[in-house]
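Residue numbers (the numbering used here): 430 to 691.
What follows is a single structure, written as structure tokens, with notes after it.
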Ligand SMILES: [Zn+2]
Ligand SMILES: [Zn+2]
């Protein structure tokens, strides 16, 4: 089964109709999708979030779409949740609003501690925080899936917003905590998402896929379930890079597991 389990049509107040995302998935021969709009969050005014108080409306609308399209494609209802210990109360409130099929655990660190990142901080310090929070997210018990595991790398592509001192950082620096996170993902039977969203400008650069190929290689040595999520914010991105990833020596193995997982 071809499945894309991460997309943001902004079901309630989208600028493109959610139907356009669904039709794109059908046209690209996907058998199943999961809609995963962002949870409302007191610390973020981002326009791509479900508005506060609208989570149950979102849930109902996705279930209605699932019924309407059931002969053409299977549609699951998920949600993307930002993990940080300081917002656990908000997470529990959101999760009580629907019986979600898939709960993406994300650590969009820069949303929570912008004061840490407004100067010339070291690449390594920034990554420390991201990995530590990701470990807490994996352990938290709220999620079915750890989404875009090393998404903090995105900050390094926009130095005008995050002027980090380049100290020659590579993910090898955090090898121990990465291995610990993978162990938790395995122990808790979570999915580890393959997410090509950062490669939107350069689809040939697999180094930009989350997680980095070296991490996926290590994850493949464990009994870990993978998922695929395009993280589409516009309909044309649904199913992004899926066929290219299916040809890649490492990612293809992860997607084979995803296509066959129950
Ligand atoms: Zn995200
Ligand atoms: Zn997302």
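Beta carbons: idealized from backbone N, C-alpha and C, even for Gly.
Predicted model only: the values in this text are computed from it and were never measured.
Item	Value
Cross-strand partners of residue 532 (DSSP beta bridge)	508
CB of residue 579 within 8 Å of CB of residue 561, strictly	no
Residue 537 Cβ short of 7 Å to ligand 1 heavy atom set	yes
Residue 433 beta carbon near ligand 2 (any heavy atom closer than 7 Å)	no
Residue 442 to residue 689 span [Cα, whole Å]	34 Å
Expected contact under 8 Å - CB spacing of residue 532 and residue 570 to nearest Å	Residue 532 to residue 570, Cβ: 10 Å. No contact.
Residue 591, DSSP secondary structure in three states	coil
Distance between residue 681 and residue 674 (C-alpha atoms, nearest Å)	6 Å
With 16 other Cβ atoms within 10 Å as the buried cut-off, status of residue 510	buried
Residue 625 versus residue 552 - alpha carbon distance	22 Å
Cβ distance (whole Å) where residue 435 is taken to contact residue 659 below 8 Å	6 Å
Distance cut-off 7 Å: residue 677 Cβ against heavy atoms of ligand 2	no
Alpha-carbon to alpha-carbon, residue 558 and residue 431	34 Å
CB contact flag (residue 472, residue 534, <8 Å)	no
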